[in-house]
Amino acid sequence: LSGRLDRRLEALARAVELADGRLDGDHVAAARRVVERAGQRLGLGLEATVVALAGPTGAGKSSLFNAMAGERIAAVGRRRPTTSTAAAAVWGDASPALLDWLGVPRRHPAADAALDGLVLVDLPDLDSVERSHRAEADRVIELVDLLVWVVDPQKYADASLHEDYLRPLTRHAEAMVVVLNQADVVDPAAARRIRDDLKRLLRGEGLDGVGVVATSAATGEGLDELRARLAEAVRRRAAAVARLGADVGQAAEALVAECTPRARAGIRKEDRERLRGALAGAAGVPTVVRAVEQAHRRRGALAVGWPFVRWVCRFRPDPLRRLRLPERPAPEVRTSLPAVSQVQREQVAAATRALASGAAGELPPPWPGLLRTAAVRREDEVTDRLDRAVAGANLHVTRPGWWSFAGLLQKVLALATLAGLVWLLALGLLSWLRLNDVLPVPEMYDVPAPTLMLVGGAAAGIVLAFLFRLANGVSGARRARSAGRSLRDRVDVVAAEYVLGPVEQELDAHRQLCDHLGRAAE
Amino acid sequence: MDARIAALASLRDELRSVELGLALPSAERAARVRDELTAQVDDYLLPRLRQMDAPLLMVVGGSTGAGKSTLVNSLVGAELSPAGVLRPTTRGPVLACNPDDVRWFVDERVLPALARTTGGKESPNELRIAPTPQLPPGLALLDAPDIDSVVAENRALGAQLLAAADAWLFVTTAARYADAVPWELLGGARDRGTALALVLNRVPPDALAEVSSHLRDMLRQRGLDDAELLVVREAALDDGLIPPAEFAPVRGWLDVLTADAGRRHALVRRTLTGALDTVPARVGVVESALAEQRAAAEELRADVRRAYRRALEEVDDAVRSGSLLRGEVLARWHELIGTGDVMRALETRIGWLRDRLRALVTGKPAAERELEEAVESSVDAVVVAAADRAAERAGRSWREHPAGRALLRPQLDAASPELNDRTRDAVRAWQGFVFQLVQEEGMSKRTAARFASLGVNGAGLAVMIAVFAHTGGLTGTEVVVAGGTSAVGHKVLEAIFGDQAVRTLAARARDDLLERVERLLALEEQRFAAAVEAAAPLDDAPERIRAAVRALQSAR
C-alpha cells in the first residue's frame, strides 16, 4: 500500500541531501521535516487513522466532536474561544505511542464497530484573539491523516481560513473534508446555496475534489454522512498515505521552483578550450615545448653533427636542464620554470569564471552562484599543482635509435677525413724531404685515395650533418608536439580535478536533484 | 483652519513621494501605514477640516456575515443594500442619508477615489447614495464591505471606509466576537481615539448574559471601556428586517445622537482630533523606515565601494609591483630587442626618420605591434579579473543583507560582459596617449639623446616597459631582465631607464593608466550603485517629511 509512498519519500530524502546548503534553507528544512514526520507516522503503523476537526472559533467543532463520540467529552459553550487544548476520542485500541506522538494528552475511549481504528481530535480554533490556540492547532494539523475543516454559514468565507490554510494545501484535497456545520440555522434552500458557494470557493483554490458535507450537530443532520466518510477512511487505511503523499508533493513542489530539468546547461566547448589554454599558459607549456624542441636539436647536433664543429654546441646550456625539467616523469621534482605570472593567474581566473557562468546557461538562481563557487573553490592550489603536472609529464626526450648509427658513421667519416689529412700531410712531408714515391698512393676513380678520403670524408660529413640536422629539426618538432600533447593531457587532468570536476559535480547535483524531485512530486 | 489644510495636503504629497524600495523588514509595514495615512488624509481629514458642519458619517463595518446590511436596512426600514446568506454579501458601499444631506456627499468631497451612483447595481469602486427620510438630517450611515472575507478588495475597501468615518458602528456577532482580525481594527480605533459603538448582533437569547459580559471584559482589557456596547438579540427576520424591538438599543443610541447636535459635533471633533493626533506617530513609522532605508542604502553602497576600491588597489599593485612586466610582455620586449629594431634604431640615431617612413609605408613593425598587444592583453586580464572579484565580493556582502539580496540580479555579481572590450579600448587609448606624450615631451632636448634616438614608437614602448617596472624606473636587476639576453642592450637601457625625464614620463603614463582603470571600474561599480539608487529613498525625504509634520503641528 505504501510502497509508492516509500519510493517518493526516498526520492525526497535524497533531494533534501542534495539541496542542503544549495537551495533555499526554509524550503529544505520544511522538506526535511516532511521526511522525518512521514518516517515517524509510518513507523507508528497504519492501523489507526487520525482525523482532526479544525476550523474557526464558534463553528461547532466541539459539538460535532461530542456528537461523533456519542458523549459530551469536549466543553461546548457560548463564550469564544471555547476549546483551548486538543482532545482525542479513540475508537478501538489505538497505540498510545501514536497519541503520544500527536501530543494529545486528553484521551477518551469511544465505541462503534464501524469506526474501529479512528482517532478523532478536537482542535482549538484558528482565528481567535488567543494566539496560543492557533499554535496548538497548527502543530496537530501537521501530524494528522485526515483534516476535517469545520465552518459555519457565517464564517465559511473567512480570509483567515482560506488564505492561511486551504490555499497552501492545494495538494491535500484527498486528505481533507469540509464540513458546513450549523446548517440548521438557515433554511434548507439557503444551506444548499451556501454549500454551492463554498464548493465554488474551494474550486477556485484548486481543491475541486474535496468533499463538502452539510451537518448540524444540533439536529444531527448530515452526521451519518460524515460518519460514513470517516468509516470509509478508517476501513481503507489509506488516509495517512494520502496525507503524507500530499505533504511530499508539496515539499517537492516548493523545491522544484529552483530546479529546471530542461534548462540548457553544461560546460561549453569554447569555455573549456579557453580554460585549457589559460592553464597551459600558466603551466608554462609553450616554454617547455620550446625547450624540448631546442634540447632535441642540441642533443642531436652533439650526437650526429659534424664532429669537428659540434663541440661548439656545448657552450649553450641544455634548455631542459636549465628549466630543471626531469627527462623521466618525476612529479615530486620542483622545476625551475618561470613562476606563474600574475597575468597568467588572472587569465586562469577569468577563464574559470567564464566557464562557470557559461555552464550555468539558463539555470535559475542560485545555481549560477553555486557553479561559480565550485569552480573557484580551489583556485589557489591550481598553480602549485600545475608545476607538479609539468614535472610529471613524459616529455619524450629519448635518443632516437639511429643517432648511434649516424654518430658512428660521422665518426668513421671523421676518421677517414683525419686519416686522409694525415696521409696527405705525410705525403707532403715526404715530398718536402724529396722522398717521393716512398709511400704508395693508390688511386680510386682516378683520384688519389688520401685526397678522396679528406675531401670526400669532409664533404660527406658536412652533407650528412646537414641532412641529420634537417631530420632532427623534423623529429624535434614532432617530439615537441608529443611533449605538448602529453603536457596538455596532464594539464587537462588538473583542469578536470580542480575546475571541471567540481562544476560537473554541481551540474550533476542539479540534474539528480531535479530527477529526485520529479519522482517525489509525481 | 486653512493652515492645517495646507499643511496636511503638503504632508500627504511628501508621503506619497516616499520610496521604500529596499526590501527591509520594516518597509512593508511602513508602506502600509503610508498608504493608509495618505488615503485617510484624502478620504477623511481634508474633507472634514474643510467642512466641519457636514453631517456625521457613521460607517457600519465589521466581519462578513455579521449582519451589517441587515442592520442598516432595518434602521432605515427598506432594503438599501441586499442582505444574503452568501459571503461576502456586500461588495459596494452604500451611503444612506436624509435627502437634504445628499448635497454633502454627491460631490467628491469625501472618499474622492470612489465614483458616485444613485441606484442600480452596486460595484466595488462606486459609492451608492441612497436618500431616505428615515434618517434625520445630520447623520449618514455607510454600509461598508467586510474586513475579513476571502475577497481582498472588500477587506481593503472596508478598512479604508472605516478610516474615513466620523464614528464607527462596528458590528460583530456572538460567534465572532473573539475573532482576531476585528480586534486588530478595534485596537487601531482605540489608538486613534475614534468614536466607536460596538453592536453585538445575532445573540441567541440564552447566551446573552454570558457573551455580553465576556465581551465587556474583553473591551475593558483592551482599553475600550468607553465604547458603547449595543446588543441585538437573534430573532426571526421580518421580511428581511430585524424586528424593531430587537434593534431598539441601536436605534436609541442613534436617536440620542441625532437629537443632540452638540453631542454629534463633539463626536466629530473627538474623532478628528484623535486622527490628527495619530499623524505624527504614523509619520514617525514611515520616517524611521525611511531612515532604515537610507542607512541600508548607505551600507550597500559602502559594500560596493569597498569591493571596488580593493579592485583598484589590486590593479595598482599589479602595475607597480612589476608583475605585469613578467611573462608575455617581457617575452615580446625581448623579441623586439632581439629583432634589433630598437637596437638598430639606437645605433643609427635616425630612428625617428625611419619610424616615420615605415609608418607611412607599412604601419608599425610586427614586433612592436606584438608588444603593444601583449601589454593590452595583460592589462585586460588583470583588470577583468579584479573587476570579477570585486563583483563577487560586492555580491557576497549583498547576499548577507536582506535588502541587498532582493537587489541582486543574475550576472550582477560578475564583471559585465562589455568590460573586456572596454578595457582593451582603454588600454589602446592609453598607448596612444603614451606615444603622444613621448612625441610632445620626450623628444625635446631634455631627454637623453639615446632615448630620443629610439624614435617615437621605440621610446613609447620603452616608457610602457618602465611603467610596469618598480617605482617608475627600472632598478639595476630589472634592467638586466628587461635587457634580455642581448648584452649590448644593457648599458643602453640602463642609460635610458636611468634618465630622470624617462622616469617622469613613466610616472605620468602610469597615473594616466590607473585613471583610466579607475573609470572602467567606476562603470562596473555603477551597475551596483544604479540598483541601489533605483530602490533607495531620496536623501532629503526624511527632512522634508519632518518639516511637513512640524508645519502641521504648528498649524494646530
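Residue numbers (our numbering), protein chains in the order written: chain A, 419 to 940; chain B, 82 to 637.
For glycine and all other residues, C-beta sits at the position ideal for the given N, C-alpha and C.
Would you list the one or two residues that DSSP bridges to residue i?
i                  : result
Ile-210 of chain B : B:Leu-176
Met-486 of chain A : None; Met-486 of chain A has no bridge partner.
Thr-254 of chain B : B:Asn-282
Leu-223 of chain B : B:Val-140, B:Leu-176
Val-631 of chain A : A:Val-597
Trp-249 of chain B : B:Val-140, B:Leu-277
Asp-272 of chain B : Looking at the DSSP assignment, Asp-272 of chain B forms no beta bridge with any residue, so it has no partner.
Using only the alpha-carbon positions, how far apart do residue i and residue j sit?
i                  : j                  : result
Glu-449 of chain B : Glu-521 of chain B : 20 Å
Asp-123 of chain B : Asn-282 of chain B : 32 Å
Ala-932 of chain A : Leu-296 of chain B : It should be pointed out that residue 932 of chain A corresponds to Cys in this sequence rather than to Ala. Computed Cα separation, rounded: 54 Å.
Gly-776 of chain A : Ser-458 of chain B : 21 Å
Gly-570 of chain B : His-814 of chain A : Unreliable placement is indicated for Gly-570 of chain B, whose pLDDT of 49 sits below 50; the coordinate value is still reported in the next sentence. Those two C-alpha atoms are separated by around 36 Å.
Val-464 of chain B : Ile-626 of chain B : 44 Å
Ala-657 of chain A : Ile-491 of chain A : 25 Å
Leu-388 of chain B : Ala-471 of chain B : It is Ala, not Leu, that sits at residue 388 of chain B in the sequence shown. Rounded to whole angstroms, Ala-388 of chain B to Ala-471 of chain B spans 5 Å at the Cα level.
Leu-89 of chain B  : Ala-244 of chain B : 16 Å
Gly-564 of chain B : Asp-805 of chain A : The predicted position of Gly-564 of chain B is uncertain, since its pLDDT is 48 and thus under 50; a value taken from the coordinates is nonetheless stated next. In a straight line, the C-alpha of Gly-564 of chain B is about 27 Å away from that of Asp-805 of chain A.
Val-331 of chain B : Asp-621 of chain B : 50 Å
Ala-362 of chain B : Ile-685 of chain A : 57 Å
Arg-763 of chain A : Arg-680 of chain A : 35 Å
Gly-554 of chain B : Gly-403 of chain B : Annotation note: pLDDT 44 at Gly-554 of chain B (below 50); position unreliable, no value reported.
Ala-159 of chain B : Ala-607 of chain A : 24 Å
Leu-195 of chain B : Val-446 of chain A : 46 Å
Could you say which of the options lies nearest to residue i if we only look at CA atoms?
i                  : options                                    : result
Leu-827 of chain A : A:Ile-880, A:Arg-497, A:Ala-601            : A:Ile-880
Asp-545 of chain A : B:Leu-216, B:Pro-214, B:Val-175, B:Ala-259 : B:Ala-259
Val-562 of chain A : A:Pro-606, A:Ala-635, A:Gly-663, A:Arg-425 : A:Gly-663
Arg-682 of chain A : A:Ala-778, A:Leu-833, A:Ala-898, A:Ser-849 : A:Ala-778
Leu-872 of chain A : A:Leu-833, A:Arg-903, A:Phe-823            : A:Leu-833
Glu-481 of chain B : B:Asp-94, B:Ala-288, B:Leu-105, B:Arg-351  : B:Leu-105
Arg-817 of chain A : A:Leu-831, A:Arg-455, A:Asn-890, A:Leu-870 : A:Asn-890
Val-60 of chain B  : B:Leu-156, B:Arg-209, B:Phe-328, B:Ala-276 : The question about residue 60 of chain B has no answer, for chain B in this structure spans 82 to 637.
Glu-797 of chain A : A:Arg-746, A:Ala-913, A:Arg-734, A:Leu-853 : A:Ala-913
Using a cut-off of 9 Å between C-beta atoms, extract the partners of residue i located in chain A.
i                  : result
Glu-291 of chain B : Gly-495, Arg-496, Arg-497
Glu-409 of chain B : Gly-699, Ser-759, Val-761, Gln-762
Arg-301 of chain B : What Arg-301 of chain B touches in chain A: nothing, since even the nearest Cβ is about 14 Å away.
Could you name the residues of chain A that residue i contacts, counting a contact when the two beta carbons are closer than 7 Å?
i                  : result
Ala-270 of chain B : None at all; the shortest Cβ gap to chain A is about 15 Å.
Lys-491 of chain B : Checking the sequence, you will find Pro at residue 491 of chain B rather than Lys. Near Pro-491 of chain B (Cβ distances below 7 Å), the residues of chain A are Pro-783, Pro-786.
Trp-264 of chain B : Val-547
His-295 of chain B : Arg-497
Arg-404 of chain B : Per the sequence shown, the amino acid found at residue 404 of chain B is Ser instead of Arg. Ordered by position in chain A, the residues that pass the 7 Å Cβ test against Ser-404 of chain B are Ser-759, Gln-760.
Val-280 of chain B : Within 7 Å Cβ-Cβ: nothing; Val-280 of chain B doesn't reach chain A, min ~15 Å.
Arg-314 of chain B : Per Cβ cutoff of 7 Å: no residues; Arg-314 of chain B is ~13 Å from chain A at best.
Ser-459 of chain B : Val-761
Val-463 of chain B : Gln-760, Val-761, Glu-764
Residue j and residue i - do their beta-carbons sit closer together than 8 Å?
i                  : j                  : result
Leu-96 of chain B  : Arg-110 of chain B : no
Arg-608 of chain B : Leu-493 of chain B : yes
Pro-920 of chain A : Arg-440 of chain A : no
Leu-941 of chain A : Thr-467 of chain A : Residue numbering for chain A in the displayed model covers 419 to 940; residue 941 of chain A lies beyond these limits and cannot be assessed.
Ala-700 of chain A : Val-794 of chain A : no
Leu-633 of chain B : Leu-161 of chain B : no
Val-153 of chain B : Leu-222 of chain B : yes
Leu-130 of chain B : Ala-112 of chain B : no
Could you tell me which chain B residues have their CB closer than 7 Å to the CB of residue i, listed as they occur along the chain?
i                  : result
Leu-619 of chain A : Val-231
Arg-611 of chain A : Val-166, Leu-167
Ser-604 of chain A : One point to set straight first is that residue 604 of chain A is Val, not Ser, in the sequence displayed. The answer, in chain order, is Val-166.
Tyr-863 of chain A : Near Tyr-863 of chain A there are no residues of chain B at all, since even the closest Cβ is about 48 Å away, more than 7 Å.
Ala-575 of chain A : Thr-145, Arg-168, Pro-169, Ser-230, Val-231
Whose Cβ in chain A lies nearer than 8 Å to the Cβ of residue i?
i                  : result
Asp-469 of chain B : Ala-767, Ala-768, Arg-771
By the criterion of Cβ-Cβ separation under 9 Å, what are the contact partners of residue i in chain B?
i                  : result
Ala-608 of chain A : Gly-165, Val-166, Leu-167
Pro-747 of chain A : Simply none; closest approach about 26 Å.
Along chain B, in chain order, which residues have C-beta atoms closer than 8 Å to that of residue i?
i                  : result
Glu-581 of chain A : Val-231
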